[in-house]
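Protein chains: 2
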Amino acid sequence: MVVSEGAVDLRQLEYFLAVAEELSFTRAAHRLHVVQSGVSASIKSLERDVGAPLLDRSSKHVRLTDAGARLVPQAYAVLEAAQRARDAVAADDGELSGTVRLGTMTSVRLLDVPAILGSTTAATRACSCS
Amino acid sequence: MVVSEGAVDLRQLEYFLAVAEELSFTRAAHRLHVVQSGVSASIKSLERDVGAPLLDRSSKHVRLTDAGARLVPQAYAVLEAAQRARDAVAADDGELSGTVRLGTMTSVRLLDVPAILGSTTAATRACSCS
DNA sequence: ATCTCTTACGACGAACGTAACGATG
DNA sequence: CATCGTTACGTTCGTCGTAAGAGAT
């Protein structure tokens with residue numbers, strides 16, 4: 066009777082990967098252009114949704130838990146697939162697949178890489194921040 | 066300079082696939098246990114997010130547009146990956162991968178298939194509705 | 001006339017930013 | 001004491017359900 070819902074959001078995964086990479090809520094929040102409290106709340110809601118703690122916030126070091134380490138590659142895959150889905154609807158000609166494949170492993174760094182590449186669709190996601 | 070956001074939600078994709086399969090907002094809404102207006106609004110927001118119409122609602126027939134047809138397999142891949150991500154954190158023993166692989170191609174029918182299988186994690190998602 | 005999708009409306013919930021708090025080195 | 005993460009609070013935006021409207025067979 067317990068409806069676990071599994072309401073995992075793409076934003077939650079993006080925030081989680083940012084923290085997992087930086088191993089810091091502060092740096093992750095800075096990279097995501099949001100405040101720490103937002104990242105904290107989002108990670109907490111993600112942990113609630115999946116039903117397991119993902120990060121070990123003991124002392125000053127943020128470490129991945131066992132479940133968190135297992136989630137990382139899968140979270141990458143989800144964001145990768147989501148990016149592919151977004152590009153699919155914009156693919157009027159076949160040459161877009163190259164762009165997608167280029168962004169796959171760097172999907173969490175979408176804020177700077179696409180700007181450098183200057184690709185048409187990705188360029189629209191570039192943001193000019195210090 | 067146009068920030069396209071790309072705020073695609075997993076729920077939107079699930080709704081979209083339901084409509085794409087049923088080719089009907091009404092039947093899709095019934096299967097998803099929500100009202101038609103909710104599905105309509107969700108699809109519309111998805112179309113706004115991806116920046117292209119996905120469904121052709123002319124007359125009584127709902128048909129997939131070109132972009133919509135391209136999105137379907139990618140949307141499946143995203144939901145598949147999301148399901149894999151949820152299972153990853155719950156994988157205490159290695160035997161779960163079989164359950165995941167079983168659910169991949171039927172991820173949009175999560176409401177009934179898992180109930181039949183009676184798997185531990187999936188069973189929590191089963192809902193008892195008429 | 002009936003079925004299907006859309007739009008309007010009020011209400012609930014989620015996420016954000018600001019700000020204050022607790023803990024660790 | 002300085003930094004990092006959490007909690008509290010008010011605002012804003014999205015989604016839901018109910019209900020009414022437009023189009024087509």
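Protein chains in written order, with the numbering used here: chain P, 66 to 195; chain B, 66 to 195. Ideal Cβ placement from N, Cα and C applies to all residues, glycine included.
| So what's Leu-88 of chain P in DSSP terms, helix, strand or just coil? | coil
| My guess is that Ser-107 of chain B and Gln-148 of chain B are in contact by the Cβ rule of under 8 Å, so how many angstroms apart are they, rounded? | Not confirmed; about 19 Å, so no contact.
| Out of P:Pro-118, P:Ala-72 and P:Arg-122, which has the shortest C-alpha to C-alpha gap to Leu-88 of chain P? | P:Arg-122
| field | C-alpha distance - Leu-75 of chain B paired with Gln-139 of chain B, whole-angstrom precision | value | 12 Å
| said: Distance cutoff 9 Å, beta carbons only. Does Gly-197 of chain B sit that close to anything in chain P? | reply: Nothing in the structure corresponds to residue 197 of chain B, since chain B is present only between 66 and 195.
| request: Mind checking which residues open and close the alpha helix (DSSP H) that includes Leu-136 of chain B? | output: 131-155
| query | Between which two residues does the alpha helix (DSSP H) carrying Leu-111 of chain B extend? | reply | 101-115
| query | Leaving out five residues before and five after Val-84 of chain B in sequence, what residues of the same chain have Cβ atoms less than 8 Å from its Cβ? | reply | Phe-90, Ala-93, Val-104, Ile-108, Leu-120 and Val-127
| Taking the alpha carbon of Ala-155 of chain B as the point to measure from, which residue in P:Lys-125, P:Gly-116, P:Ala-153 and P:Asp-152 has its own alpha carbon closest? | P:Gly-116
| field | Near-chain P residues of the segment 78-92 of chain B - C-beta to any C-beta below 9 Å | value | Leu-78
| query | At least one CB of chain B closer than 9 Å to the CB of Arg-122 of chain P: is that the case? | reply | no
| said: Taking the straight line between their C-alpha atoms, what separation do you get for Ala-146 of chain P and Ser-124 of chain P? | reply: 35 Å
| query | Rounded to whole angstroms, how far is the Cβ of Val-73 of chain P from the Cβ of Leu-111 of chain P, which I believe are closer than 8 Å? | reply | 7 Å
| query | Is Leu-144 of chain P near Val-137 of chain P, with beta carbons less than 9 Å apart? | reply | no
| task | Note down the Cα distance separating His-95 of chain B from Tyr-80 of chain B, rounded to an integer number of angstroms. | result | 11 Å
| request: Measure the beta-carbon distance from Ala-151 of chain B to Ala-153 of chain P and round it to whole angstroms, keeping in mind my assumption that it falls under 8 Å. | output: Residue identity check: residue 151 of chain B is Arg in the sequence provided, not Ala. About 23 Å; that fails the 8 Å criterion.
| Across which residues does DSSP place Arg-128 of chain P in a beta bridge pair? | P:Asp-121
| query | From the beta carbon of Ala-106 of chain B, is the nearest beta carbon of chain P less than 9 Å away? | reply | no
| message | Just to confirm my understanding: we take Ala-132 of chain P, look at its own chain, exclude 5 residues before and 5 after, and list those with CB closer than 8 Å. What are they? | response | Val-115, Ala-117, Pro-118 and Leu-119
| message | Please list, in chain order, the chain P residues whose beta carbon lies closer than 9 Å to that of Leu-97 of chain B. | response | Within chain P, no residue comes near Leu-97 of chain B; the closest Cβ sits about 14 Å away, beyond 9 Å.
| For a contact meaning CB atoms closer than 7 Å, what does Ala-147 of chain P contact in chain B? | Val-73 and Val-143
| Amino acids of chain B, ordered along the chain, whose beta-carbon sits closer than 9 Å to that of Gln-139 of chain P | Ala-146, Ala-147, Arg-149, Ala-150, Arg-151, Asp-152, Ala-153 and Val-154
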